[in-house]
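Asks:
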Amino acid sequence: MRDQDFAKLEHKIEEITAIIGNFGLDPFPMRYEVCPSDILYSIGAYSMPSRFSHWSFGKAFERMKRQYDFNLSKIYELVINSNPCYAFLLSNNSLPENELIAAHVLGHSDFFKNNLHFADTQRDMVESMAVTSKRFRKYEFAYGRKEVELILDAGLAIQEHIDPHFRISHHHNDGDCQSSSNKDVIGFIAVNAPNLQDWQRDILLELRKEMHYFWPQMETKIMNEGWASYWHIRVMRELDLNEKELLQFARMNAFVTAPNRFGINPYHLGLRMFEGLEKMYGRSFIFEVRERDNDISFIRNYLTREMVREMDLYVFNKEEDVWKITSKDWQITKQTLIHSKINGGFPYLTVKDDDYHGNRELYLVHKYEGVELDPRYLERTIPYVHQLWGKPVHLETVMDGKTVLFSYDKELNRKDLSA
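In structure tokens:
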């Protein structure tokens, strides 16, 4: 954007906000920042502007920034689920591009505020993460950066294994945490691991709290992006754009909402489904859907045979190093999509026993539903669980049609339980 465009953008955002209100949307108050690419990609890599430091975030930044520098990919919008809601726009975008993004993030903000799956969201997470980051730095001074990094490495490896519907009260250093649900693996370990120090338990519980914040965004990705895309299109139609601006809008919108040959583009799928529902049931109905559904119920209840055919959706798999279409049946395609969203797409693990063999060994069970654990994931993750638990760790799963038990105590062993 040119210097003279900033005042124009401020005026356009006021106009866009009024249009959004006239359409019946109810977003949080918005705070906009126009940032250079280094700042935007730093926030994207850390997922928040105030999060603690970790080498994996720096690695993510380098990968994302390199792709941007070589014009391989680009972050167009970055919005924080908070009240007020923070939106970050790229300074290299043209004025029409940032107008589209302003309309898009207002759609996200409305979704964050009104979808019931965000009802328990901690809306001051930006400030909370800043406090957490300062506390983690104090741990680095007290116990050494390497020790803090070790616990963060292990905690981040299992951070997705929470029970999003189960919460435990946790106040720093108050010692009042109770045992958590058996699906809440990271919470269970944080509370019950025999040898963890208080500061280590605190780090794990903070990672767990952050994952509770991010979880609703993962389970509504298709709906959220579809809702925001639906509204940015309709808002831009209301603006008085000249021919050049219309072309810039059309090019960017086509790029963002285009189908992906290699997987599902949530912008495309969500947009087409909301447009299909509006055509069938009217606009007031899609507001009801926005309020109550997540991606699983959205797909299960509203993805029709006609939508699957119109979007040319199908299932494909790799067979002998060749990618092949395995089914175009709309019901199989629908069920495959639903299955990919269960538990956020992560393996479903539970704690079966925390005193296995009467020796405080940890016994985990993988809930097998047709998809085997990735051996590389298993081999890399079990040592981290062992590090945190401080005792031998066992994981029961299914591989090659057989129930097997993987055990780790300095080395990984496999035992067939089917015999």
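Here the numbering used here runs 7 ahead of the position in the sequence shown, where the first position is 1.
Just so you know, even glycine gets a beta-carbon here, dropped at the ideal spot from N, CA and C.
1) In chain order, what residues of the same chain have a beta carbon less than 6 Å from the beta carbon of D416, not counting five sequence neighbours either side?
2) Within 9 Å of any Cβ in chain C, is that where the Cβ of H373 sits?
3) Taking Cβ to Cβ, would you say K228 is nearer than 9 Å to P273?
4) If we ignore side chains and look at the alpha-carbon of each, how far apart do N308 and V392 end up?
5) Drop a sphere of 10 angstroms on the beta-carbon of S291, count the other beta-carbons inside from all chains shown, and report buried for 16 or more, exposed for fewer.
6) In this structure, how does DSSP classify M406 when only helix, strand and coil are distinguished?
7) With 16 other CB atoms within 10 Å as the buried threshold, where does Q11 fall?
8) With DSSP as the reference, label H239 as helix, strand or coil.
9) Applying the 10 Å Cβ sphere with the 16-neighbour rule, what's the burial state of D183?
10) In the DSSP output, which residue or residues are listed as bridge partners for W222?
11) In whole angstroms, what is the alpha-carbon distance linking L189 and K348?
12) Classify M5 as helix, strand or coil using the three-state DSSP reduction.
13) Give the range of the alpha helix (DSSP H) segment to which E134 is assigned.
14) Quick one: Cα of E22 to Cα of V296, how far?
15) Given I26, which residues of its chain have a CB within under 6 Å of its CB, disregarding the five upstream and five downstream residues?
16) A94 lies in the beta strand (DSSP E); which residues open and close that run?
17) Could you say if the segment 90-102 and the segment 28-45 meet the contact criterion of at least three C-beta pairs nearer than 8 Å?
18) Output the distance between the C-alpha atoms of Y83 and D360, rounded to the nearest integer angstrom.
19) Is the beta carbon of Q129 sitting closer than 9 Å to the one on K72?
20) What do you reckon, are the CB atoms on Q255 and M218 nearer than 9 Å?
21) Is Y370 helix, strand or coil when you go by DSSP?
22) Evaluate contact between the segment 315-322 and the segment 336-350, counting only Cβ atoms and requiring at least three cross-stretch pairs below 8 Å.
23) Can you check DSSP and say which residues form a bridge with W330?
24) Three-state secondary structure (DSSP) at E17?
25) Write down the C-beta distance between N324 and K331 rounded to the nearest angstrom, noting that I regard them as a contact closer than 8 Å.
26) How many angstroms separate the CA atom of N180 from the CA atom of A164?
27) Pick helix, strand or coil for L248, following the three-state DSSP scheme.
28) Which value, in whole angstroms, describes the spacing of the CA atoms of K409 and L419?
29) Which residue comes first and which comes last in the alpha helix (DSSP H) that contains I196?
30) How about E368 and H401: are their beta carbons less than 9 Å apart?
31) In the structure shown, what three-state DSSP assignment does F77 receive?
32) Return the CA-CA distance between I20 and L107, expressed in angstroms with no decimal places.
33) May I ask you to list the residues that DSSP assigns as paired with N420?
34) Measuring CA to CA, which of V372, F294, T311 is closest to G283?
35) Could you compute how far the alpha carbon of D407 sits from the alpha carbon of R383?
36) Run through DSSP, which three-state label would V400 get?
Replies: Considering the structure as presented:
1) As a first step, residue 416 must be located in the sequence shown, where it is residue number 409. Cβ neighbours of D416 beyond the five flanking positions: P399.
2) Any reference to chain C falls outside this structure, which holds one protein chain only.
3) Mapped onto the sequence shown, residue 228 falls at position 221. Mapped onto the sequence shown, residue 273 falls at position 266. In contact: K228 and P273 (Cβ atoms closer than 9 Å).
4) In the sequence shown, the residue the question calls residue 308 occupies position 301. In the sequence shown, the residue the question calls residue 392 occupies position 385. Roughly 38 Å separates the two Cα atoms.
5) Looking up residue 291 in the sequence shown gives position 284. Flag for S291 reads exposed.
6) Counting from 1 along the sequence shown, the entry for residue 406 is found at position 399. Reduced to three states, the DSSP call for M406 is strand.
7) Walking along the sequence shown from the start, residue 11 turns up at place 4. Under this definition Q11 is an exposed residue.
8) Locating residue 239 in the sequence shown gives position 232, counting from the first residue. Of the three classes helix, strand and coil, the one that applies to H239 here is helix, per DSSP.
9) Within the sequence shown, residue 183 is the residue found at index 176, counting from 1. Unreliable placement is indicated for D183, whose pLDDT of 46 sits below 50; no coordinate value is reported for it.
10) For the purposes of this step, residue 222 is identified with residue 215 of the sequence shown, where counting begins at 1. In the DSSP output, where bridge partners are listed per residue, W222 has none listed.
11) Position 182 of the sequence shown, counted from the start, is the residue given in the question as residue 189. Position 341 of the sequence shown, counted from the start, is the residue given in the question as residue 348. Sequence check: residue 189 is Asn here, not Leu. The straight-line gap from Cα to Cα measures roughly 21 Å.
12) There is no way to answer for residue 5, as the model of the chain reaches only from 8 to 426.
13) As a first step, residue 134 is located in the sequence shown; it is residue number 127 there, counting from the start. 132-150 is the extent of the alpha helix (DSSP H) around E134.
14) Numbered from its first residue, the sequence shown carries residue 22 at position 15. Numbered from its first residue, the sequence shown carries residue 296 at position 289. The alpha-carbon atoms of E22 and V296 are separated by roughly 27 Å.
15) As a first step, residue 26 must be located in the sequence shown, where it is residue number 19. Cβ within range, chain order: V242, E245.
16) Position 87 of the sequence shown, counted from the first residue, corresponds to residue 94. Start and end: 92-97.
17) yes
18) Here the question's residue 83 lines up with position 76 in the sequence shown. Here the question's residue 360 lines up with position 353 in the sequence shown. Approximately 46 Å between the Cα atoms of the pair.
19) Looking up residue 129 in the sequence shown gives position 122. Looking up residue 72 in the sequence shown gives position 65. Going by C-beta atoms, Q129 is not nearer than 9 Å to K72.
20) What you label residue 255 is simply residue 248 of the sequence shown in a count that begins at 1. What you label residue 218 is simply residue 211 of the sequence shown in a count that begins at 1. Contact flag unset, no.
21) Along the sequence shown, one-based indexing puts residue 370 at 363. The answer is strand: DSSP assigns Y370 an E or B state.
22) yes
23) By one-based count along the sequence shown, residue 330 stands at place 323. Per DSSP, K325.
24) Working through the sequence shown from its first residue, we reach residue 17 at position 10. E17 falls in the helix class under three-state DSSP.
25) Taking the first residue of the sequence shown as 1, we reach residue 324 at position 317. Taking the first residue of the sequence shown as 1, we reach residue 331 at position 324. That belief holds up - the Cβ atoms of N324 and K331 are roughly 7 Å apart, short of 8 Å.
26) Within the sequence shown, the letter at position 173 stands for residue 180. Within the sequence shown, the letter at position 157 stands for residue 164. Only weak support exists for where N180 lies, its pLDDT of 49 falling under 50; the coordinates are left without a value.
27) Numbered from its first residue, the sequence shown carries residue 248 at position 241. Residue state, collapsed to three classes: coil.
28) What you label residue 409 is simply residue 402 of the sequence shown in a count that begins at 1. What you label residue 419 is simply residue 412 of the sequence shown in a count that begins at 1. Cα to Cα, the separation comes out at about 18 Å.
29) Sequence index remark: in the sequence shown, residue 196 carries index 189 (1-based). Its alpha helix (DSSP H) spans residues 192-199.
30) For the purposes of this step, residue 368 is taken as the residue at position 361 of the sequence shown. For the purposes of this step, residue 401 is taken as the residue at position 394 of the sequence shown. Yes.
31) Taking the first residue of the sequence shown as position 1, residue 77 is located at position 70. Here F77 sits in coil by DSSP.
32) Counted from its first residue, the sequence shown places residue 20 at position 13. Counted from its first residue, the sequence shown places residue 107 at position 100. Those two C-alpha atoms are separated by around 10 Å.
33) Working through the sequence shown from its first residue, we reach residue 420 at position 413. Answer is S414.
34) Position 276 of the sequence shown holds residue 283. Closest by alpha carbon: T311.
35) For the purposes of this step, residue 407 is identified with residue 400 of the sequence shown, where counting begins at 1. For the purposes of this step, residue 383 is identified with residue 376 of the sequence shown, where counting begins at 1. Using only the alpha carbons, I get a separation of about 16 Å.
36) By 1-based counting over the sequence shown, the position of residue 400 is 393. In this structure, V400 counts as strand in the three-state DSSP scheme.
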